[in-house]
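Peer 1: What follows is a structure written as structure tokens; I'll ask about it next.
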Amino acid sequence: MEFKDFSLFIKDTKIGSTFTDALVSGKIFGTRCGRCGRTFFPPRAECPDCLEESIEFVEIPTRGRLLSFTAIFVPPAHYGIPRSKMPFAKVTQIPCPVGVVEVEGGLRVMGWIPDVDLKALQVGDPFEVQARTLKNGQVTIVLSPI
Ligand SMILES: [Zn+2]
18 MEFKDFSLFI KDTKIGSTFT DALVSGKIFG TRCGRCGRTF FPPRAECPDC
68 LEESIEFVEI PTRGRLLSFT AIFVPPAHYG IPRSKMPFAK VTQIPCPVGV
118 VEVEGGLRVM GWIPDVDLKA LQVGDPFEVQ ARTLKNGQVT IVLSPI
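Numbering-wise (the working numbering), the sequence shown opens with residue 18 and increments by one.
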């Protein structure tokens with residue numbers, strides 16, 4: 018999977034393409050420290066607790082609760098939301114919900130909450146995190162109410 022399909026330079030990091038290739042296949046990977054066993058999301062190349070560089074990729078739980086959310090008005094281009102055609106106008110007036118879900122085990126996953134009325138969201142709602150390939154071919158993490 019090429020860098021252009023993602024918003025970050027993930028492929029150029031020590032994490033490499035393992036994380037992004039998993040997203041394309043619909044899986045969300047974190048990393049587990051080979052020494053202390055602590056699991057991280059987003060994936061880390063080294064353990065910040067014991068400085069171990071031996072890590073393994075593990076699929077993280079996908080169900081949890083909405084921990085926090087907000088609306089952004091300049092969504093990332095990879096969300097594929099139409100923007101104003103006015104010159105220099107980079108702001109859309111449509112609120113784009115984003116949030117953080119704490120999945121089972123305590124890892125926190127940030128993502129886009131598409132197709133949901135912002136006023137209907139409440140902290141603590143049951144949510145699922147998913148890797149989704151968008152219409153434009155790019156991949157992102159979305160959060161969906163269960
Ligand atoms: Zn460790």
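Note that CB positions come from ideal geometry on N, CA and C, so glycine has one too.
Can you check which of these residues, Gly97, Lys136, Thr30, Leu40, is closest to Ile158 by C-alpha distance?
Peer 2: Per the Cα distances, Leu40.
Peer 1: Let's see if you can read the secondary structure: which residues bound the alpha helix (DSSP H) around Leu40?
Peer 2: 35–41 is the extent of the alpha helix (DSSP H) around Leu40.
Peer 1: Under 7 angstroms Cβ to Cβ from Leu124, same chain only, skipping five residues before and after it: list those, please.
Peer 2: Gly47, Thr56, Phe58, Ile77.
Peer 1: Cα separation between Asn153 and Lys136?
Peer 2: Approximately 28 angstroms, taken between the alpha carbons.
Peer 1: Where does Ala88 sit, in a helix, a strand or coil, going by DSSP?
Peer 2: In this structure, Ala88 counts as strand in the three-state DSSP scheme.
Peer 1: Any chance the CB of Arg52 is under 7 angstroms from a heavy atom of ligand 1?
Peer 2: Yes, Cβ of Arg52 sits closer than 7 angstroms to a heavy atom of ligand 1.
Peer 1: Quick check on DSSP: helix, strand or coil for Ala148?
Peer 2: Here Ala148 sits in strand by DSSP.
Peer 1: DSSP state of Leu174, grouped into three classes?
Peer 2: Here the chain has residues from 18 to 163 only, and residue 174 is not among them.
Peer 1: For ligand 1, is there a heavy atom less than 7 angstroms away from the beta-carbon of Glu145?
Peer 2: No, the beta carbon of Glu145 sits no closer than 7 angstroms to any heavy atom of ligand 1.
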